[in-house]
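Engineer: This is the structure I want to talk about, given as structure tokens.
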Amino acid sequence: MGEARGKARTKAQGALEVLEHRGVKVSADMWTRADACTDLEQAERWFKRSFDVERAEDLLD
């Protein structure tokens with residue numbers, strides 16, 4: 045796994061961890077999508093949005 049891909053995956057997973065910490069339910073499908081993330085810019089957008097969205101489904105739009 046390349047460094048950029050690894051960073052993207054870690055950031056995307058972090059976004060879902062923020063949601064769970066906030067009490068937002070995260071499905072297994074969402075974790076699969078985060079694990080497959082290879083775009084660091086997209087993962088950073090997800091991470092920033094994770095502090096504001098009410099539903100996990102709204103995060104990965």
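Numbered as in this note's numbering, the sequence shown ends at 105 without a single skipped number.
Think of the CB as a built atom: it goes at the ideal place given N, C-alpha and C, for glycine as much as any other residue.
1) Would you call the CB atoms of Arg66 and Leu104 closer than 8 Å?
2) List the whole-angstrom C-beta distance separating Asp83 from Ala52, where the pair is believed to meet the contact cut-off of C-beta under 8 Å.
3) Considering only their Cβ atoms, is the gap separating Ala48 from Trp90 smaller than 8 Å?
4) Exposed or buried, what is Ala100 when buried is set at 16 or more other beta-carbons lying within 10 Å of its beta-carbon?
5) What did DSSP end up calling Glu127 once you bin it into helix, strand or coil?
Structural biologist: Once the coordinates are examined:
1) no
2) 6 Å
3) no
4) buried
5) The requested residue 127 does not occur in the structure, where the chain is confined to residues 45 to 105.
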